[in-house]
Amino acid sequence: MTPQLTTVLAAETGGINGVALTVLIVLFLLVTVAGFMASRFKRAESLESLDEWGLGGRSFGTWITWFLLGGDLYTAYTFVAVPAAMFATGAVAGFFAVPYTIILYPIIFIFMARLWSVSHRHGYVTTADFVRGRYDDRTLSLAVAVTGFVATMPYIALQLVGIQAVLEVAGLGGGDNIVAKDAPLFIAFALLAAYTYSSGLRAPAVIAFVKDILIYLVIIVAIIYLPGQVGGWEAIFGAAEDKMNANNEAAVEAGLNPTSSFVPGSGAFWAYATLALGSAMALFMYPHSITASLSSNSRNTVRRNAAILPAYSFVLGLLALLGWVAIAAGTQPIGLDGEANAQLVIPQLFEDMFPAWFAGVAFAAIAIGALVPAAIMSIAAANTFSRNIYKEWLKKDATPAQEAKVSKLMSLLVKAFALVFVLTLDKQNAINFQLLGGIWMMQTFPVIVFSLFTRWFHRYALLVGWAAGMVYGTIEAYQVVNPVTGKHFGGSLALIPGMEKMGYIAVTAFVINVVLAVVLTAILNALKVSNGKDETIPFDYFADADDPRVQKDLAEHSTHDEAYGDPDDIPGNAPAR
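Each residue of the sequence shown is one higher than the last, beginning at 3 in this note's numbering.
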């Protein structure tokens, strides 16, 4: 179907692409039914514990975990924002996501299996649980928990941006009536909240199968079909280079710094490299990444997934190039308000270049792609609140059933907050806060990852380093002003002190964090200041599901509703061993 014919059909239906919208609704309803039926998937006697509701019984095998992690890490916003960044400003802003997801997997191959083992042995549900057990320090554990909880909130809100983009291109979301305008979004998230509440982590695990199959189908078809329709790859790269050069010339004429790049020049090397490295280090610090990993049934499942997840990076690279395909195709991402919006470029490209039914499949892939990470993120944030704030600080004698109930209710509140955030505030605020969230999450890396390998670092030094990194990163991010809007938190790049090169703020903050932690640790250890009690032992970091000692440990605690691995079911207060 030609772009002209698509435009005519859209105009004749009042701006609504009826066929595409119908396909979107049918597929959306299909995954909704699957979400409600997911409670029967790997059925448990009861979902009234965080192990079952929040971690799927820690029972997912290699392929389920692969789909779940893929659905969790490669979000709807990723599939909207990466090609949008390529379309708008080029390689530094967009394509860095590809190398960072490649760097990511060797990192998690090294540390995630250790975290899985110690969590399996002691019943940890969150990284804050592990920190509590490793150092017997409530404050350090709270710092990790609050950082993860707060950083996840705007990430959930951003999933709505992907759904909004699809609905807007499909012709919904316009008009002055706020109820009619936002009703589709309300319905989508009401259904999401309902089946997440009833089925827990099993719901996104089942839906992830549909989401990932649709994503693979849509992108592979697009990358094969579209280049031939716009003159081939030579024409695509030529059009992209011309646009980036034109953007930079316009910026210079306006007295602004050029920010577009076809191939990053030497001045952008540090920005590109630090964005890739910092993003890779921060991603698996997020609660939702940890939740999806801990739901697997063995440490080898985690390692196998670290080996096969790069398949998603390949697809992400193809998706990023679609942003440049849209340039060659002359795609005009104009919202219903008449304003240009690069976030609409991929949905608009599919509506322009494909038959309406296939555009509907693409819309569904993006919309369903929002449901999986939003569900996992809300569950992970709720688990963090229930275990590390509610149980640890508000109700120490909470039973596993009470924890699960609080977590379910909090998952609803988290989704409601995300919905209100997007509907009442400029969506740019959600994007800016998500960038800030990445800076924050990287500051928990020393506390979590370093502690998986050593207790040399002192708990107070880690806390001071975390606080310094958080303060520095937040202030630096605030001082980045968007040259177009004039608003603060306008980006995540700033000058690296002492180098005068642009770099990712999170990496600079991380270096400050680690230097302080090392120096203060040396001082505190020399002064023989107590470093708390460690309830873990070296074996815990290598334990696997079928290890006899783990089976014995679980059997000894089978009388409890939920096994923690220590006698009173409270992580972090076991005597030193």
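Quick reminder that beta carbons are idealized off the backbone N, C-alpha and C, glycines included.
Measure the C-alpha to C-alpha separation of residue i and residue j and round it to an integer number of angstroms.
i	j	result
Pro-577	Phe-98	For Pro-577, the pLDDT reaches just 41, beneath the cut-off of 50, and the residue's location in the model is therefore unreliable, leaving the point undetermined.
Leu-2	Val-327	Outside the shown range of the chain (3 to 579) lies residue 2, about which nothing can therefore be said.
Arg-305	Ala-252	48 Å
Val-100	Ser-119	29 Å
Ile-189	Lys-44	28 Å
Phe-264	Val-84	15 Å
Leu-323	Ser-200	39 Å
Asn-307	Thr-293	14 Å
Ala-87	Phe-81	11 Å
Gly-63	Tyr-288	22 Å
Ala-367	Ala-545	38 Å
Leu-144	Asn-390	7 Å
Val-422	Leu-415	10 Å
Ile-310	Leu-160	27 Å
Val-485	Leu-258	Per the sequence presented here, residue 485 reads as Pro, with Val not at that position. Going from the Cα of Pro-485 to the Cα of Leu-258 covers about 8 Å.
Asp-568	Gly-59	The pLDDT assigned to Asp-568 is 48, lower than 50, so where the model puts this residue is not dependable; a value taken from the coordinates is nonetheless given after this. Each residue's Cα considered, the two are about 19 Å apart.
Gly-471	Gly-92	29 Å
Ile-66	Met-39	16 Å
Thr-561	Leu-29	In this predicted model, Thr-561 has a pLDDT of only 45, less than 50, meaning its place in the structure is not dependable enough to derive any value.
Thr-198	Val-374	10 Å
Pro-260	Gly-493	15 Å
Leu-31	Ala-420	22 Å
Lys-489	Ile-217	34 Å
Phe-111	Gly-125	21 Å
Val-254	Phe-435	29 Å
Trp-468	Ala-224	44 Å
Pro-2	Ile-165	No answer is possible for residue 2: it lies beyond the span of the chain, which begins at 3 and ends at 579.
Pro-357	Phe-239	25 Å
Thr-129	Leu-296	10 Å
Asn-515	Thr-476	13 Å
Starting from residue i, follow the alpha helix (DSSP H) in both directions and report where the run begins and ends.
i	result
Tyr-506	Unbroken run through Tyr-506 is the beta strand (DSSP E), 503-506; no alpha helix (DSSP H).
Asp-214	204-231
Ile-336	Taken as a continuous stretch (DSSP letters only), Ile-336 belongs to no alpha helix (DSSP H), as it is neither H nor E.
Ile-450	No alpha helix (DSSP H) contains Ile-450, which DSSP labels as neither H nor E.
Val-148	140-172
Ile-368	358-387
Asn-247	234-255
Lys-410	402-426
Met-355	347-355
Leu-29	20-39
Asp-131	129-137
Thr-276	271-285
Tyr-102	99-124
Gly-56	That residue, Gly-56, is in no alpha helix (DSSP H); it is neither H nor E in DSSP.
Pro-540	Segment: none, Pro-540 is in no alpha helix (DSSP H) and carries neither H nor E.
Ile-391	Per DSSP, Ile-391 belongs to no alpha helix (DSSP H) and is neither H nor E.
Ser-315	312-331
Going by beta-carbon coordinates alone, are residue i and residue j separated by less than 8 Å?
i	j	result
Gln-445	Phe-387	no
Leu-106	Leu-219	no
Gly-72	Tyr-314	yes
Leu-522	Val-449	no
Phe-352	Ala-342	no
Ala-115	Ala-369	no
Tyr-137	Gly-534	yes
Arg-140	Glu-405	no
Tyr-462	Ser-281	no
Gly-325	Val-347	yes
Thr-276	Tyr-474	no
Phe-151	Ala-383	yes
Leu-203	Leu-57	yes
Val-146	Val-133	yes
Ala-519	Leu-464	yes
Ala-547	Asn-299	yes
Leu-321	Ile-221	yes
Ala-331	Met-355	yes
Met-504	Trp-272	yes
Glu-537	Gly-96	no
Tell me the DSSP bridge mates of residue i?
i	result
Glu-62	According to the sequence shown, residue 62 is Phe rather than Glu. Ser-298, per the DSSP bridge assignment.
Ile-498	Lys-503
Ala-342	Ile-336
Ser-263	Gly-92
Contact check, residue i vs residue j under 8 Å by CB: the rounded distance?
i	j	result
Ala-36	Val-208	5 Å
Ala-270	Lys-417	With 8 Å as the limit, Ala-270 and Lys-417 do not qualify as a contact, their Cβ atoms being about 38 Å apart.
Thr-149	Met-379	With 8 Å as the limit, Thr-149 and Met-379 do not qualify as a contact, their Cβ atoms being about 14 Å apart.
Ala-167	Gln-334	Not a contact, Cβ separation roughly 14 Å.
Gly-173	Ile-18	3 Å
Glu-170	Pro-402	In fact, because the Cβ distance is near 43 Å, the residues do not count as touching under 8 Å.
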